[in-house]
Each structure stands twice: as C-alpha cells, then as structure tokens.
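Protein chains in written order, with our numbering: chain B, 1 to 404; chain R, 1 to 404. First up is the structure itself, then whatever we jot down about it.
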DNA sequence: GACTTTGCGTCCAATATGAAATCAAATGAG
DNA sequence: CTCATTTGATTTCATATTGGACGCAAAGTC
C-alpha cells in the first residue's frame with residue numbers, strides 16, 4: 001500500500017537532497033559528475049550516495065565505457081523497481097490507465113469505455129479494481145496515483161466543480177473511495193493540466209518548461225505551466241478560457257470552437273453538418289466558410305489570451321479536433337504574433353489519446369519524488385531521460401478483464 | 001554608489017539567511033521570537049544576530065515593554081538607515097520619484113511633467129539628476145533603483161518594446177545612461193507590474209499574495225502576481241490583454257476601454273464627447289448608452305481573462321478612468337462570477353498616482369534584500385509592517401529644482 | 001612492468017550546531 | 001529592602017557535518 005514504510009525512504013540531510021536532486025536531473029550519472037554538478041565535495045557525495053543506495057532509492061549500474069584513461073566510474077541511477085505508480089485519465093467517454101515504475105517505464109496499460117452510468121462510488125471502485133488487476137503482484141509497491149478529470153479541481157479537499165461532461169466526479173465520495181482502495185496518496189488533477197504535463201515530459205513540448213495546452217474535446221480545456229510547474233489556482237479555474245464571452249451576443253468561446261457548439265451553430269444556421277471536422281474541408285461552401293471565419297476568430301482570441309496569460313514557449317493543441325487544424329497552424333501563429341508581437345510555437349499534441357494518462361504518471365512520480373525529499377526545482381525534470389515510450393505503453397496494454 | 005562594498009554585506013550561512021528572512025517577515029521582533037519562528041536553537045540565533053548586527057544589516061532597538069515578568073527582550077530590526085533606494089515611475093505624461101530608506105520610510109519625493117521631447121539619453125540623465133538632487137547627501141548610500149515604464153520589458157538586457165506612448169524608452173541608451181548615473185543595480189519594469197507591487201504592499205491589495213491589476217491610462221496595462229511574485233515572461237508580453245481582438249471587426253480590447261479609443265469611437269459615431277468620463281454619467285443619451293454597453297462588454301472580457309489567467313484574490317483597477325467605474329464594480333464582479341463561477345475582489349487602486357513609484361520602491365527594496373541573501377519565499381513580505389505612508393510621501397515632496 | 005590518470009573511500013582538522021549551564025535583568029513576595 | 005522567580009541572552013561543550021589531503025583501486029600508455 002501507498003503508506004508502507006514511507007518515512008524510512010525519506011531523505012533528510014540537505015546534502016543528500018542536493019545529491020538526489022542532481023541525480024534526478026542528470027541520470028544516469030556518476031559520483032564524479034555529481035561532484036562537479038553540485039559543487040559538493042567528493043567525500044560528501046560519496047557518503048550521500050552510499051546512504052541513498054542503502055535506503056534503496058539509488059542503485060549502481062554497469063560501469064561507464066568512456067574512452068579516457070583511468071579507473072572507470074560506476075554509473076548511478078534511481079532504483080525504479082522499488083515502487084510503481086498509476087496514472088489514470090478519467091475522460092467523459094474513455095478511461096486510460098498506465099502503470100509505470102519509478103523511472104517511468106511503462107509496465108501495463110489499459111483503455112476502456114467510461115461506464116458513465118455508474119455513480120461516483122461504483123465508478124471509483126471500478127478504477128481501483130482495474131488498476132489493481134493491471135498492477136498484478138506489484139500492487140504492494142504502489143506509491144502514488146494521479147487521476148485526471150474533466151473538471152475544475154479546487155485545492156480544498158480537493159473538491160471538483162464544473163465537471164459538466166461527467167457530473168459524478170463532483171461527488172466527494174469519488175475521492176474517498178479512491179483513497180480507500182489506493183491508499184493515501186491519490187491526487188485529482190484537471191485533465192488538460194495532466195495532458196500538458198504529459199506533452200511537456202514525453203511529447204510535443206519537451207524542453208519547454210513554460211508551455212500551455214488547449215484541448216478541443218467535448219469542452220475547451222486549457223492548462224498552463226511556468227518553469228515546469230503547473231499554474232493551478234485555489235478554485236481550479238485557471239485556464240478556463242473557454243468561458244470568455246467573446247462571441248456575438250456574449251456567446252462563450254467554448255461554444256465557438258468545440259464539437260457540440262459547432263454542430264449546434266450549424267443547425268441553427270440551417271447548414272447540414274455530419275461532423276465538426278466538416279468545418280475544415282479545403283473548399284467549403286460559402287455558408288460554411290463564414291462559420292469557419294468565426295471559428296478562426298474565436299480560436300485566435302483563445303490563443304492570444306493564453307499567450308498573454310503565461311507567455312508559453314510552446315502551445316500544444318490537443319483533443320479530437322486538433323489534427324484538423326494542422327494546415328492552418330502557421331496562419332494562426334502569424335495572427336497571434338500580429339496582435340502581441342510574440343507567438344509561441346504552435347504544435348499538435350504528440351501523445352494523442354495517451355497524453356492525459358502519461359501526464360498522470362508524471363504527476364504521480366512527481367508526488368513520489370517530492371515525498372522523497374527532492375528539491376522543488378529538480379522536480380520539473382524528474383524523471384528526465386526515461387521517456388515514457390508510447391510503443392511500450394501499447395505493448396503492455398491488456399484488454400480489461402485479462403488476468404496475469 | 002550602488003556597488004560599494006556590497007560583497008561584505010552579503011549573508012552567507014544558511015542559518016543566518018533563515019534568521020534574516022524571518023526577521024524580515026516579523027519585524028520588529030526579538031531573539032526569543034526568532035527562535036520560536038525558525039526552530040533554530042537559541043545559541044545559533046544569538047550568534048547569527050550578533051553577526052548580522054556586526055555587518056550593519058540589523059540593529060537593536062528600544063527594549064520591549066511587555067507586561068510579563070522576567071528580563072526584557074531586546075527588539076531587533078533591520079537597520080534601514082544604512083542604505084537608500086530610489087523608485088521611479090516614468091509615465092507618458094508625468095514622472096514620479098520616491099526616495100526611501102531600507103525599511104521603506106519615504107525620505108523625499110518629487111513629481112514633474114515628463115519632458116517627452118527629450119531623447120533617451122537626455123531623459124535618463126534628467127532622471128539621474130533629479131534623483132541625485134532628491135537624495136542629497138545620502139546619495140552615497142544608494143543601493144538599488146527601479147524604473148517603471150509604459151512598455152513591455154524583455155528579460156534580455158533588458159530591452160523594451162511596445163512602448164507606444166513613450167517611444168524613446170525603447171532606446172537601449174536609456175538603460176545605459178541610467179546605469180552610468182545610478183550604478184549597476186538599476187532595473188526596468190513594466191509600470192502596471194510596479195503599480196500592482198505597490199498596491200499589494202501598501203494599498204488596496206495588502207494581504208493578497210495572488211493579485212492582478214488593470215490600469216486604464218493612455219493604454220490598457222495589466223499586471224499579475226502569484227504568491228507575491230510578479231508573473232513576467234521573457235518577452236514582457238504577459239498581461240497584454242489589451243491586445244485581445246475581441247471587439248467588432250477585430251478591434252483590440254484596449255481601444256474599447258481606454259480614453260483615446262473611446263474618444264475616437266465616439267467621434268466616428270458622431271457623438272459629442274469632451275472627456276472619456278462622459279461615458280459614465282448616470283443617465284446617458286441612447287447613443288452613449290450603446291457605447292457604454294460596448295465598454296462594459298469589453299471590460300468584462302478583460303476582467304474574465306485576467307481571472308482565468310491567474311485566479312487573483314484581488315483585482316485592482318487603476319488609472320485615470322478607474323474612479324468612474326466605482327458604482328459598477330459589484331455588477332462587473334457578478335458578470336465575471338456568472339462566467340467562471342469565481343470572481344476576485346474588485347477594488348480601486350488606493351495609492352492613486354503614487355502606486356507606480358511606490359511599487360518601484362518595493363521592487364528596488366526586493367532587489368536589495370535578495371542580494372543580502374534573503375530567501376525568495378521571504379521576499380514577498382519584505383518590508384512588511386513598514387507601510388509606505390502616503391502622507392509622509394507628500395510631506396517629503398519637494399518641487400523639482402529646490403536644493404537641500 | 002612502471003607510470004599516469006581517473007575514480008572513490010578514509011582520515012582528520014575545521015566548522016557549525018544544539019543542549020545545558022551560566023549570566024543578566026526584570027518582577028513580585030515577604 | 002532582600003531574595004526568590006521568571007524570562008532573555010550568552011557561554012560552554014559535546015556532537016555532527018563538511019571538505020581537503022591522502023591512499024588505494026582500476027584502467028590506459030609508454
């Protein structure tokens with residue numbers, strides 16, 4: 001269970017924290033490199049590493065095969081096998097779960113339709129059961145769980161609000177049941193925030209500590225991170241740019257750029273439309289072209305707003321509609337740049353439907369490392385280097401219900 | 001000069017830093033209270049204080065007059081007399097300068113019309129000369145200078161852009177001349193950011209570490225601070241909500257809510273208007289009422305955007321037009337709350353025309369304390385308790401040109 | 001095979017820390 | 001007024017942490 005012997009694993013001394021933090025940033029590494037990177041004396045680094053190995057946090061690896069002369073340095077790395085984390089993306093239509101070890105190696109994954117008719121308690125229990133099955137005999141090693149939801153997560157409790165597309169997650173019993181099943185260390189996070197984390201660590205925004213995401217799903221979701229840290233308000237409404245009343249007659253931005261809104265507006269105008277993607281065909285009918293212009297206007301407002309809100313280096317576009325926007329990314333970028341003399345790099349999400357669950361893994365790992373005593377500045381990089389491999393995620397996927 | 005013997009004044013040891021940081025947060029205080037607040041042993045606190053006093057950073061004050069028995073504790077406080085800072089608000093129409101000591105006691109202040117016909121170098125030299133005159137014989141104690149400007153300040157250099165209302169501040173020679181005159185520690189900051197700092201420390205947003213400001217001047221300025229720290233992007237465009245193309249035909253938000261834009265739009269509509277304040281009379285003519293509705297719509301978009309950008313506890317409205325909005329603050333707040341289920345407290349700026357210069361003093365002091373080794377978390381509070389007293393600022397005001 | 005280079009652990013002196021004792025300064029009781 | 005009591009500040013001392021110097025180990029070079 002999550003709380004098992006956690007205290008014994010906590011790193012106390014400042015020196016040891018500094019060493020572990022640097023190890024996280026540049027892993028795998030060696031004692032000598034840690035000395036150079038931290039400025040701490042070789043004697044102290046050696047002692048700290050010795051203790052970290054004794055605690056089971058760090059392990060020695062194979063020797064370096066550098067071409068230089070002299071004795072070979074022993075590689076050091078986190079001992080990822082000592083624990084596992086679970087990342088869950090609880091979406092309005094699908095649930096995605098990834099189990100990974102402490103260095104973000106995917107161990108198992110699953111995807112299943114959301115049983116949206118279930119009440120909060122049953123839904124939570126279903127998540128616990130499925131995750132437990134995926135973890136198999138490693139269940140005892142579970143250290144942290146992160147769950148992404150389509151709603152505003154308030155810092156108090158935490159409680160959830162504005163979850164229009166999956167109402168039952170607002171029920172506090174959801175978290176209660178999750179805690180009962182997974183243990184203490186369960187966190188709820190907005191799904192767009194998690195998708196951003198995923199893309200920042202493993203996807204389209206790698207190397208951009210200040211980045212933002214805009215997801216076009218059932219609703220418009222947004223997330224922002226500055227210097228590797230999510231911007232999250234106490235009420236969870238940071239990023240709710242979809243609520244800006246910028247359309248004609250005060251229509252909300254969300255209704256101008258997401259699927260249901262587009263279809264409704266088309267119906268109101270008497271335009272036949274099968275899918276929102278019809279809006280993005282190359283030679284549209286005049287009536288459609290007018291709607292597309294409105295869409296573009298609204299989207300550019302959203303992009304501009306998010307740009308002046310946090311000045312991201314990269315702005316990721318995700319969700320079902322995002323691929324349709326690819327041909328026009330350059331045009332959107334120019335429009336933003338025209339308005340504020342700066343524009344972030346506009347890119348499509350690269351993890352696709354996995355970004356939320358991948359981000360949940362990142363959030364869970366971050367939680368683990370923070371409890372281990374890693375410095376906050378270093379958390380943004382952890383676990384860098386060990387990219388969560390999408391192919392491996394798929395390779396370890398199991399149909400729900402299959403047993404070990 | 002600024003760089004004089006700075007190194008000797010830097011606090012090195014972690015313990016000493018912790019003590020100084022806590023002293024800043026709860027000053028004036030005593031050794032015993034520092035022991036309780038920091039958790040450091042009495043012996044170490046005593047030693048640290050001794051050294052801080054020896055360095056000249058801290059001084060002992062009068063004894064406490066507590067009603068309890070036992071020996072009286074000696075009060076400890078920052079030694080504000082050991083240095084001075086200069087805060088300058090370089091506006092499009094007026095320059096305001098405040099000289100203060102290291103505990104934010106105003107020593108001198110001045111206000112003069114901006115000589116906007118001067119080129120960058122001459123303008124900078126005028127600032128240096130005026131400040132030097134205000135400082136008098138204390139000039140040698142100058143530790144830091146902050147200058148607020150109506151433009152986007154980029155982190156590189158720093159360079160300035162988007163300064164449409166005072167073009168010459170974009171010239172890099174401005175900073176060069178300022179550095180030549182004031183010394184190394186001059187920083188340029190966006191004026192809205194500084195106004196927010198001022199209101200957060202001394203004005204309408206006291207006690208709100210997460211706050212934002214919207215200033216209605218020649219242009220629309222905005223600033224945001226999260227947890228006591230300004231949100232500043234590398235390109236300085238954070239907060240440029242005025243550039244959102246939300247009006248009809250893509251009109252920028254700025255043009256809908258600031259003086260020049262209002263006058264121009266009135267002229268275009270054939271409405272006679274002497275001052276933008278005419279828009280806010282209690283029983284407007286129908287044509288005016290329509291314009292007012294447009295203004296309200298745009299303002300609510302701005303307020304909503306800034307709310308979802310950082311979720312401030314307090315949103316300060318400043319600049320010339322702000323007082324006209326007072327009767328409608330509750331209405332605006334409700335509109336925002338309707339859109340995002342949360343609204344910050346909407347308040348008018350309390351420092352009026354002084355907020356920028358007061359904020360510049362805060363920024364300069366923060367710079368000083370950071371160089372002294374104060375922990376970043378404690379900087380948001382420094383120098384709490386010593387409120388910059390507006391009456392004192394006025395009392396020490398001198399007409400430019402007067403001599404000591 | 002001796003030498004050099006590099007990695008890493010050990011020894012030791014220097015430093016910083018906290019618990020406890022001591023000194024200092026105030027009040028109140030008798 | 002004197003002395004016990006209380007609280008604040010410093011000193012003493014035992015202890016822990018740190019980094020430099022040294023020594024050993026393991027590799028390549030000549």
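Backbone N, C-alpha and C define an ideal beta-carbon position, used for all residues, glycine too. These numbers were taken from a predicted model, which means no experiment stands behind them.
In chain order, 244 and 305 make up the part of chain R whose C-beta sits under 7 Å from the C-beta of residue 305 of chain B.
When beta bridges are read from the DSSP output, residue 30 of chain B appears opposite B:75. Under the criterion of beta carbons closer than 8 Å, residue 146 of chain R and residue 88 of chain R qualify as touching, at roughly 7 Å. Taking the Cα positions, residue 75 of chain B is about 54 Å away from residue 358 of chain R. Of all alpha-carbon atoms in B:143, B:27 and B:90, the one lying nearest the alpha-carbon of residue 10 of chain B is that of B:143. Note on the region 276-334 of chain B: whole alpha helix (DSSP H) runs with a minimum of 4 residues are 286-310, in chain order. One thing to note: residue 124 of chain R has its Cβ within 7 Å of the Cβ of residue 178 of chain R.
Residue pairing of residue 374 of chain B in beta bridges, as defined by DSSP: absent, with no partner found. DSSP links residue 345 of chain R through a beta bridge to R:314.
In the pairwise beta carbon analysis, the region 196-208 of chain R is classified as not touching the region 248-258 of chain R: fewer than three pairs are separated by under 8 Å. Identification of chain B residues near residue 162 of chain R by a Cβ-Cβ cut-off of 7 Å yields 341, ordered along the chain.
Cβ-Cβ distances below 6 Å link residue 280 of chain R to 324 in the same chain, with the five nearest sequence neighbours on each side left out; the list follows chain order. Between residue 275 of chain B and residue 291 of chain B a beta carbon distance of about 14 Å is seen, past the 8 Å cut, so the two are scored as non-contacting. Judged by DSSP secondary structure, residue 260 of chain R falls outside any beta strand (DSSP E) and instead within the alpha helix (DSSP H) spanning 259-268. The beta carbons of residue 351 of chain R and residue 203 of chain R sit closer together than 7 Å.
With respect to the 7 Å criterion, residue 97 of chain B and residue 131 of chain B are classified as neighbours on the basis of their beta carbons. At a cut-off of 7 Å between beta carbons, residue 186 of chain B makes no contact with chain R. Secondary structure note for residue 13 of chain B: it is in no alpha helix (DSSP H), with a DSSP letter that is neither H nor E. Put simply, the CB of residue 233 of chain B is near chain R, with a gap under 7 Å to one of its CB atoms. Contact of residue 241 of chain R with chain B by beta-carbon distance below 7 Å involves 308. For residue 311 of chain R, the nearest beta carbon of chain B is closer than 7 Å to its own beta carbon. Three or more Cβ pairs closer than 8 Å define a contact, and the region 163-178 of chain B meets that threshold against the region 113-121 of chain B. Residue-level contact check: residue 237 of chain R touches chain B, since one or more beta carbons of chain B fall below 7 Å from its beta carbon. When rounded, the separation of the alpha-carbon atoms in residue 349 of chain R and residue 278 of chain B is 49 Å. Residue 164 of chain B is classed as exposed because its beta carbon has fewer than 16 other beta carbons within 10 Å across all chains shown.
For residue 301 of chain R, the residues of chain B that pass the 8 Å Cβ criterion are 244, 245 and 246, in the order they occur in the chain.
In this structure, the CA atom of residue 355 of chain R is about 6 Å from the CA atom of residue 199 of chain R. Considering only R:379, R:60 and R:212, the residue with the shortest C-alpha distance to residue 79 of chain R is R:60. Of the candidates R:93, R:54, R:71 and R:69, the residue whose Cα lies closest to the Cα of residue 82 of chain R is R:54. For residue 62 of chain R, there is no enclosing alpha helix (DSSP H); the enclosing beta strand (DSSP E) covers residues 58-63. DSSP places residue 172 of chain B in the uninterrupted alpha helix (DSSP H) bounded by 172-182. In the DSSP secondary-structure assignment, residue 272 of chain R is not bridged to any residue. Pairing residue 185 of chain R with residue 191 of chain B, the inter-Cα distance amounts to about 43 Å.
Of all C-beta pairs linking the region 42-51 of chain R to the region 11-19 of chain R, three or more are shorter than 8 Å, placing the two stretches in contact. Per DSSP, residue 137 of chain R lies in no beta strand (DSSP E) and is assigned neither H nor E.
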